[in-house]
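J.:
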Amino acid sequence: MKPISARLRATVIPLLGLLAACGGGGGDGNDAGTVDPSDIRLEQTNCAFAYAPAAPPAGDGADPLLARQWHLRNQGQAGGLAGEDVRALDAWSASGRGEGVRLAVVDDAVETLHEDLFPNLVAFRNYRPDVLPDMHPLPCDPTDTHGTAVAGIAAARDGNGKGIAGVAPRVELAAYNALTTSSEADVADALRRDGDVTAVYNNSWGSPDRRGTLTRSGATFRNAILDGTRFGRRGLGAVYVFPAGNGGCTGMASPCTPDDSNYDGYVNAPGVITVCAVGIDGRAPLYAEPGANVLVCGMSDTGAARTPAITTTDVRNAYRHDFSGTSASTPMVAGVAALVLQANPSLTWRDVRLILATTARKNDAGDPRWETNQAGLRVHPQYGFGVVDAAAAVERARTWASVGGSDAMRSCRYKQSVERALRDGATVSDTIDVGADCAIQRIEFVEIGFSAEHSYSGDLRIELHRAEPASPVTRLAESRICRNASGATISCGSYDDWIFQSVRHLDEPAQGKWTLTVTDGQAQDEGTWTAWSLTIRGR
Amino acid sequence: MRESASRMIAVAAIALATAQAACAQMPPSGASAAHGTPAAQTAPGADGESAAQRFWYDGPRKRTVRIDPDWVADFRGAKPSLAPAPASPTGTKSASLAPGQSEVLRDETGEPRALPGGVIVRLHESDVGNAAARFAGLGLTPLRALDPERRTWLVESPPGLESLALANRLHETGQFESATPNWWRPRALK
Numbered sequence: 065m066k067p068i069s070a071r072l073r074a075t076v077i078p079l080l081g082l083l084a085a086c087g088g089g090g091g092d093g094n095d096a097g098t099v100d101p102s103d104i105r106l107e108q109t110n111c112a113f114a115y116a117p118a119a120p121p122a123g124d125g126a127d128p129l130l131a132r133q134w135h136l137r138n139q140g141q142a143g144g145l146a147g148e149d150v151r152a153l154d155a156w157s158a159s160g161r162g163e164g165v166r167l168a169v170v171d172d173a174v175e176t177l178h179e180d181l182f183p184n185l186v187a188f189r190n191y192r193p194d195v196l197p198d199m200h201p202l203p204c205d206p207t208d209t210h211g212t213a214v215a216g217i218a219a220a221r222d223g224n225g226k227g228i229a230g231v232a233p234r235v236e237l238a239a240y241n242a243l244t245t246s247s248e249a250d251v252a253d254a255l256r257r258d259g260d261v262t263a264v265y266n267n268s269w270g271s272p273d274r275r276g277t278l279t280r281s282g283a284t285f286r287n288a289i290l291d292g293t294r295f296g297r298r299g300l301g302a303v304y305v306f307p308a309g310n311g312g313c314t315g316m317a318s319p320c321t322p323d324d325s326n327y328d329g330y331v332n333a334p335g336v337i338t339v340c341a342v343g344i345d346g347r348a349p350l351y352a353e354p355g356a357n358v359l360v361c362g363m364s365d366t367g368a369a370r371t372p373a374i375t376t377t378d379v380r381n382a383y384r385h386d387f388s389g390t391s392a393s394t395p396m397v398a399g400v401a402a403l404v405l406q407a408n409p410s411l412t413w414r415d416v417r418l419i420l421a422t423t424a425r426k427n428d429a430g431d432p433r434w435e436t437n438q439a440g441l442r443v444h445p446q447y448g449f450g451v452v453d454a455a456a457a458v459e460r461a462r463t464w465a466s467v468g469g470s471d472a473m474r475s476c477r478y479k480q481s482v483e484r485a486l487r488d489g490a491t492v493s494d495t496i497d498v499g500a501d502c503a504i505q506r507i508e509f510v511e512i513g514f515s516a517e518h519s520y521s522g523d524l525r526i527e528l529h530r531a532e533p534a535s536p537v538t539r540l541a542e543s544r545i546c547r548n549a550s551g552a553t554i555s556c557g558s559y560d561d562w563i564f565q566s567v568r569h570l571d572e573p574a575q576g577k578w579t580l581t582v583t584d585g586q587a588q589d590e591g592t593w594t595a596w597s598l599t600i601r602g603r
Numbered sequence: 002m003r004e005s006a007s008r009m010i011a012v013a014a015i016a017l018a019t020a021q022a023a024c025a026q027m028p029p030s031g032a033s034a035a036h037g038t039p040a041a042q043t044a045p046g047a048d049g050e051s052a053a054q055r056f057w058y059d060g061p062r063k064r065t066v067r068i069d070p071d072w073v074a075d076f077r078g079a080k081p082s083l084a085p086a087p088a089s090p091t092g093t094k095s096a097s098l099a100p101g102q103s104e105v106l107r108d109e110t111g112e113p114r115a116l117p118g119g120v121i122v123r124l125h126e127s128d129v130g131n132a133a134a135r136f137a138g139l140g141l142t143p144l145r146a147l148d149p150e151r152r153t154w155l156v157e158s159p160p161g162l163e164s165l166a167l168a169n170r171l172h173e174t175g176q177f178e179s180a181t182p183n184w185w186r187p188r189a190l191k
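Listed in order, the protein sequences are those of chains C and S. The number in the working numbering is simply the position in the first sequence, starting from 1, with 64 added. The number in the working numbering is simply the position in the second sequence, starting from 1, with 1 added.
This is how it looks when you write it as structure tokens:
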């Protein structure tokens with residue numbers, strides 16, 4: 065450890081800021097591609113934990129907790145349904161294990177000195193304002209456990225005789241504790257850090273759940289994602305993975321407002337892979353949110369008490385068996401994305417999305433909400449295209465012909481002014497007829513912009529329809545009463561060009577009629593639907 | 002992470018000793034009296050309400066927030082924290098903030114935001130090679146680029162409403178594609 069005095073710290077931090085300003089983004093922190101085990105810098109002044117400033121000892125041999133990681137290969141060892149897993153072990157036997165692919169965990173603190181994380185660690189950045197950026201972003205209070213658990217699921221080292229294995233257990237791990245400050249600048253910085261070499265950014269966070277409110281992500285966030293997909297990885301584009309959320313209310317005592325991932329601005333950003341969760345029973349957890357933006361699922365707990373959750377790394381060089389929510393399923397998908405890119409490093413961010421979606425496994429096959437879109441793909445409001453299948457995705461990646469990156473993506477945008485009164489109980493609609501001017505033959509995703517003036521926006525149920533030929537109806541918003549954490553009624557936010565993302569029309573042709581229907585499903589408040597837009601992206 | 006059905010972990014709000022304490026001190030989102038009269042949608046009427054309203058630019062869009070006089074945000078520690086605003090001897094909330102503190106503002110849904118300092122500016126694409134001159138011409142101190150293309154920058158400003166005002170001034174000059182405050186916002190671990 066190299067402790068620094070408060071005076072020195074006060075001098076050095078602004079200097080580092082100036083150096084970063086002169087050198088461009090991502091210039092501070094440790095981002096050289098290696099972590100020097102002989103120079104481990106810690107700040108422990110405001111830290112409840114004492115860390116030894118030394119690398120953990122290396123090891124080899126089988127991972128003792130691997131058998132408990134049913135999400136990697138489920139043979140019924142934890143109960144539930146055998147085969148409900150992400151097929152990671154099958155992918156390893158067919159490919160590498162993530163070697164040469166960098167995966168960044170953007171979260172709160174990460175125990176980078178953990179025995180099962182340090183071997184894969186190549187970069188980190190500490191955003192805490194009271195320490196230098198090149199100090200390890202270690203947890204410093206007992207609640208600071210999330211990032212360490214997330215990192216282990218994606219990137220814990222295999223074959224070191226310790227603990228567990230991540231889904232991509234030889235990936236190059238980067239750890240950024242941007243949520244420690246949760247400022248727009250630090251989050252944007254982390255989402256673009258080491259952009260030339262970072263392939264996958266895992267983000268197991270988002271908007272607050274169970275409120276039903278429209279929560280905007282903000283232009284700074286959206287620009288970071290857009291630029292990352294366009295310029296990241298030297299033009300191939302970074303892969304951004306986010307959770308759908310845990311805002312479902314099944315089994316909850318009232319009041320509880322069921323959330324929908326389409327109310328969360330972070331996962332409506334174009335380019336984001338939105339991840340759902342499936343329990344060991346192969347079904348949606350009690351907390352599952354639906355959403356037209358949900359692409360694929362990973363595994364997690366069922367939401368019920370005393371059912372198996374996820375085994376992963378824990379703070380203080382420990383392991384835990386209770387990690388849950390879409391925070392757990394998201395790094396599984398991020399890990400699979402890393403395996404895909406290791407199998408074929410020339411793939412773009414669009415390729416990765418397409419491969420994950422089209423190789424996903426159809427879980428819970430008996431659920432009646434599975435529907436078939438115009439392209440013949442099965443899609444579900446809570447499962448997207450199903451559970452990610454690492455083995456199938458890696459196999460597909462090897463022979464995949466790239467569709468290109470951001471610059472090769474086609475877009476067709478239509479905007480329509482509408483003056484429709486929104487009256488209690490009534491439904492109104494408007495249609496955009498996409499003609500031959502739009503050359504997209506295979507849709508990748510669509511964005512629906514919606515504007516209305518309404519004294520309670522939660523009244524509105526919004527659906528997207530395609531009739532010729534028929535395609536599943538896409539529910540974008542449900543009528544609801546929004547509530548704060550205390551259960552009090554609050555505004556649901558405003559529809560001021562709110563953007564919904566939908567992936568449900570994957571591989572359909574763009575041409576044809578697209579109809580948006582709006583129903584004022586609750587009494588008391590009325591308004592006017594003023595405009596909507598449809599942006600279709602694909603090839 | 003889904004710890005329990007009723008517990009949402011709002012990150013970064015929290016420089017408190019325990020998670021329980023953090024939840025206890027987390028200011029609630031602005032509640033409305035009843036469906037149909039949500040507070041955040043009520044037009045400003047009284048002078049106090051108007052004075053509490055502010056706007057900012059989210060990219061090209063102008064958005065409204067209102068100051069919550071009952072809470073302050075503190076950015077001086079290892080993590081941001083929110084605390085009830087101190088009351089004056091007369092029982093009213095104090096408007097004075099210590100250095101490193103910010104007013105708490107709420108958006109239309111009542112979610113809190115605060116201003117730890119700094120403004121995020123995004124250069125016009127044609128200006129990327131001219132950043133230093135652009136900043137110097139406006140008297141700005143760049144702190145760091147936020148992207149490898151060096152198009153998005155954090156520039157210096159004090160915490161609190163001063164940074165909101167600076168962001169709006171910079172945006173309205175037209176010399177940047179956008180200028181937004183470096184908001185602190187709670188983000189939920191999932």
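Backbone N, C-alpha and C fix where the C-beta goes; we use that ideal spot for every residue, glycine too.
In terms of residues, what are the limits of the alpha helix (DSSP H) holding methionine 396(C)?
T.: Taking the first sequence and counting its residues from 1, one reaches residue 396(C) at position 332. Segment 390 to 407, the alpha helix (DSSP H) holding methionine 396(C).
J.: Using a beta-carbon distance below 8 Å, is asparagine 548(C) in contact with chain S?
T.: What you label residue 548(C) is simply residue 484 of the first sequence in a count that begins at 1. So yes, asparagine 548(C) belongs to the interface.
J.: According to the Cβ coordinates, are asparagine 427(C) and glutamate 148(C) closer than 8 Å?
T.: What you label residue 427(C) is simply residue 363 of the first sequence in a count that begins at 1. What you label residue 148(C) is simply residue 84 of the first sequence in a count that begins at 1. Yes; because the gap between Cβ atoms is below 8 Å, this pair is in contact.
J.: From what residue to what residue does the alpha helix (DSSP H) around leucine 162(S) run?
T.: Start at 1 with the first residue of the second sequence, and residue 162(S) comes out as number 161. Element bounds for leucine 162(S): 162 to 174.
J.: Taking CB distances under 8 Å as the criterion, tell me whether arginine 131(S) reaches chain C.
T.: In the second sequence, residue 131(S) corresponds to position 130, counting from 1. Residue identity differs from the one stated: residue 131(S) is asparagine in this sequence, not arginine. No, no contact with chain C.
J.: Return helix, strand or coil for asparagine 310(C), following the three-state DSSP convention.
T.: In the first sequence, residue 310(C) corresponds to position 246, counting from 1. If DSSP states are grouped into helix, strand and coil, asparagine 310(C) belongs with coil.
J.: By how many angstroms is the C-alpha of threonine 212(C) removed from the C-alpha of glycine 225(C)?
T.: On the first sequence, position 161 is the one that residue 225(C) refers to. On the first sequence, position 148 is the one that residue 212(C) refers to. Roughly 19 Å separates the two Cα atoms.
J.: Any beta carbon from chain C within less than 8 Å of arginine 123(S)'s own beta carbon?
T.: For the purposes of this step, residue 123(S) is taken as the residue at position 122 of the second sequence. Interface residue, yes.
J.: Quickly, what does DSSP pair glycine 143(C) with across the bridge? List them, please.
T.: For the purposes of this step, residue 143(C) is identified with residue 79 of the first sequence, where counting begins at 1. DSSP lists Gln141(C) as partners of glycine 143(C).
J.: Please confirm whether threonine 181(S) has its beta-carbon closer than 8 Å to some beta-carbon of chain C.
T.: What you label residue 181(S) is simply residue 180 of the second sequence in a count that begins at 1. So, interface residue.
J.: With a 10 Å radius around its C-beta and 16 neighbouring C-beta atoms as the bar for buried, classify asparagine 131(S) as buried or exposed.
T.: Working through the second sequence from its first residue, we reach residue 131(S) at position 130. Its Cβ having fewer than 16 others within 10 Å, asparagine 131(S) is exposed.
J.: Just how far apart, CA to CA, sit valine 156(S) and proline 143(S)?
T.: If you number the second sequence from 1, residue 156(S) lands on position 155. If you number the second sequence from 1, residue 143(S) lands on position 142. Distance between the alpha carbons of valine 156(S) and proline 143(S): 4 Å.
J.: What residues from chain S crowd round proline 322(C), counting only those whose CB sits closer than 7 Å?
T.: In the first sequence, counting from the first residue as 1, residue 322(C) sits at position 258. Residues of chain S passing the Cβ test: none, with the nearest at roughly 12 Å.
J.: Against chain S, with Cβ distances strictly below 8 Å, would aspartate 194(C) count as a contact?
T.: Here residue 194(C) refers to the residue found at position 130 when the first sequence is read from its first residue. Cβ-Cβ to chain S under 8 Å: yes for aspartate 194(C).
J.: Please list the terminal residues of the continuous alpha helix (DSSP H) segment that includes serine 535(C).
T.: On the first sequence, position 471 is the one that residue 535(C) refers to. Run containing serine 535(C): none in the alpha helix (DSSP H); it sits in the beta strand (DSSP E), 535 to 541.
J.: Helix, strand or coil for glutamate 126(S) per DSSP?
T.: In the second sequence, counting from the first residue as 1, residue 126(S) sits at position 125. Helix at glutamate 126(S).
J.: Cα separation between aspartate 415(C) and alanine 84(S)?
T.: Numbered from its first residue, the first sequence carries residue 415(C) at position 351. Numbered from its first residue, the second sequence carries residue 84(S) at position 83. Their Cα atoms are separated by approximately 47 Å.
J.: From the DSSP output, in three-state form, read off glycine 211(C) for me.
T.: Here residue 211(C) corresponds to residue number 147 of the first sequence, with the count starting at 1. Note: glycine 211(C) maps to helix in three-state DSSP.
J.: From Ile68(S), Leu147(S) and Glu173(S), pick the residue whose C-alpha is nearest to that of serine 103(S); which is it?
T.: Reading the second sequence from its first residue, position 102 is the one you call residue 103(S). Closest by alpha carbon: Ile68(S).
J.: Answer yes or no: does any C-beta atom of chain C fall closer than 8 Å to that of threonine 174(S)?
T.: By one-based count along the second sequence, residue 174(S) stands at place 173. It does not: the Cβ of threonine 174(S) has no partner Cβ on chain C nearer than 8 Å.
J.: Taking 8 Å as the threshold (beta carbon to beta carbon), is alanine 11(S) in contact with chain C?
T.: What you label residue 11(S) is simply residue 10 of the second sequence in a count that begins at 1. Low per-residue confidence applies at alanine 11(S): pLDDT is 42, beneath 50, and the placement is therefore not dependable, though the value from the model is reported in the following sentence. Taking Cβ atoms only, chain C reaches closer than 8 Å to alanine 11(S), which makes this a yes.
J.: Would you list the one or two residues that DSSP bridges to isoleucine 121(S)?
T.: As a working mapping, residue 121(S) is identified with position 120 in the second sequence. For isoleucine 121(S), which the question treats as bridged, DSSP gives the partners Leu155(S) and Thr181(S).
J.: Give me the subset of the region 246 to 266 of chain C whose CB atoms are less than 7 Å from a CB atom of chain S, sorted by chain position.
T.: Taking 7 Å as the Cβ-Cβ cut-off against chain S, the residues of the region 246 to 266 of chain C that qualify are Ser246, Ser247, Glu248, Ala249, Ala252, Asp253, Arg256, Gly259 and Asp260.
J.: Mind pulling the chain C residues with CB within less than 8 Å of proline 113(S)?
T.: Taking the second sequence and counting its residues from 1, one reaches residue 113(S) at position 112. Here the premise fails: no neighbours, minimum Cβ distance about 11 Å.
J.: Would you give the residue range spanned by the alpha helix (DSSP H) that valine 416(C) belongs to?
T.: To locate residue 416(C), count along the first sequence from 1; it is residue 352. Run containing valine 416(C): 413 to 422, per the alpha helix (DSSP H) assignment.
J.: Which residues bound the beta strand (DSSP E) around glycine 602(C)?
T.: Taking the first residue of the first sequence as position 1, residue 602(C) is located at position 538. That run of the beta strand (DSSP E) goes 591 to 602.
J.: Specify, as a first and last residue, the run of the alpha helix (DSSP H) that aspartate 75(S) falls within.
T.: Counting from 1 along the second sequence, the entry for residue 75(S) is found at position 74. Element bounds for aspartate 75(S): not the alpha helix (DSSP H) but the beta strand (DSSP E), 62 to 75.
J.: Please compile the residues from chain S whose C-beta is within a distance smaller than 7 Å of the C-beta of alanine 283(C).
T.: Position 219 of the first sequence, counted from the first residue, corresponds to residue 283(C). Those within 7 Å of alanine 283(C) in chain S are Asp59, Gly60, Ser179 and Thr181.
J.: Check whether chain S comes within 8 Å of isoleucine 554(C), counting only Cβ atoms and requiring the distance to be less than that.
T.: If you number the first sequence from 1, residue 554(C) lands on position 490. For isoleucine 554(C), the answer is yes, since a Cβ of chain S falls inside 8 Å of its Cβ.
J.: Is it right to say glutamate 572(C) is buried, meaning 16 or more other beta carbons lie within 10 angstroms of its own, or is it exposed?
T.: The residue you call residue 572(C) lines up with position 508 of the first sequence. The residue is buried, with at least 16 neighbouring Cβ atoms inside 10 Å.
J.: So which residues on chain S does threonine 279(C) lean against when the C-beta distance must stay under 8 Å?
T.: Working through the first sequence from its first residue, we reach residue 279(C) at position 215. Under the 8 Å cutoff, chain S gives Thr110 and Glu112.
J.: Does any C-beta atom of chain C lie closer than 8 Å to the C-beta of glutamate 150(S)?
T.: As a first step, residue 150(S) is located in the second sequence; it is residue number 149 there, counting from the start. Yes, glutamate 150(S) counts as interfacial toward chain C.
J.: Cβ atoms of serine 268(C) and threonine 279(C): under 8 Å apart, would you say?
T.: Mapped onto the first sequence, residue 279(C) falls at position 215. Mapped onto the first sequence, residue 268(C) falls at position 204. Contact flag unset, no.
J.: Against chain S, with Cβ distances strictly below 8 Å, would aspartate 273(C) count as a contact?
T.: Stepping through the first sequence from its first residue, residue 273(C) is reached at position 209. Judged by the 8 Å Cβ criterion, aspartate 273(C) is in contact with chain S.
J.: Would you check if the region 453 to 460 of chain C and the region 481 to 498 of chain C touch, i.e. whether three or more CB-CB distances between them fall below 8 Å?
T.: Cβ pair count under 8 Å is below three, so no.
J.: Classify alanine 189(S) as helix, strand or coil using the three-state DSSP reduction.
T.: Counting from one through the second sequence, the residue named residue 189(S) turns up at place 188. Three-state DSSP puts alanine 189(S) in a strand.
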